[in-house]
Amino acid sequence: MGTAIVMMLILGAILGLGLGIADSKLKVEVDERVEHVTGMLPGYNCGGCGYPGCSGFAEGMVSGEADHWLCKPSKPDQKAAIIQYLEETPGPDGNTIHVKP
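Residue numbering for the sequence shown follows numbering that gives the first Met the number 0, starting at 0 and increasing by one per position.
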């Protein structure tokens, strides 16, 4: 019985160490601009832009997939602020994004 407990503790420690190493080596770098742009959008999640909600449209803009403005319910000042933010804020790769109004 004591041997089984010791073996389970050793196995748990080895697997925990493996998970810790995998977490540091396989970390995915998240672009913080997606969350910021999502917060600046109206938040209606209407799908009028062709993307699945405001977060999908924000991700499309930040990835460069949406190269022109598609959000119909946003106000002109929101639109200008988002476009200015994307043009002035570089991503993890150091590049900025140009979105046509």
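In this text, a Cβ means the ideal position worked out from N, Cα and C, and glycines have one as well. Because the structure is a prediction, the values reported are computed rather than measured.
Residues near residue i by beta carbon distance below 7 Å, same chain, minus five either side
{"i": "residue 66", "result": "98, 99"}
{"i": "residue 30", "result": "61, 90, 91"}
{"i": "residue 80", "result": "39"}
Cα-Cα separation, residue i to residue j
{"i": "residue 11", "j": "residue 62", "result": "40 Å"}
{"i": "residue 18", "j": "residue 1", "result": "26 Å"}
{"i": "residue 7", "j": "residue 14", "result": "10 Å"}
{"i": "residue 75", "j": "residue 55", "result": "20 Å"}
{"i": "residue 73", "j": "residue 82", "result": "12 Å"}
{"i": "residue 32", "j": "residue 96", "result": "11 Å"}
{"i": "residue 93", "j": "residue 9", "result": "44 Å"}
{"i": "residue 27", "j": "residue 69", "result": "28 Å"}
{"i": "residue 84", "j": "residue 4", "result": "56 Å"}
Best match in the options for proximity to residue i [C-alpha to C-alpha]
{"i": "residue 39", "options": "57, 27, 28", "result": "57"}
{"i": "residue 64", "options": "74, 75, 73, 49", "result": "49"}
{"i": "residue 35", "options": "93, 94, 88", "result": "88"}
Neighbourhood of residue i by C-beta distance below 6 Å, restricted to the same chain and skipping five residues each side
{"i": "residue 53", "result": "37, 40, 42, 44"}
{"i": "residue 59", "result": "50, 65"}
Rounded Cβ spacing between residue i and residue j (contact assumed at less than 8 Å)
{"i": "residue 47", "j": "residue 71", "result": "5 Å"}
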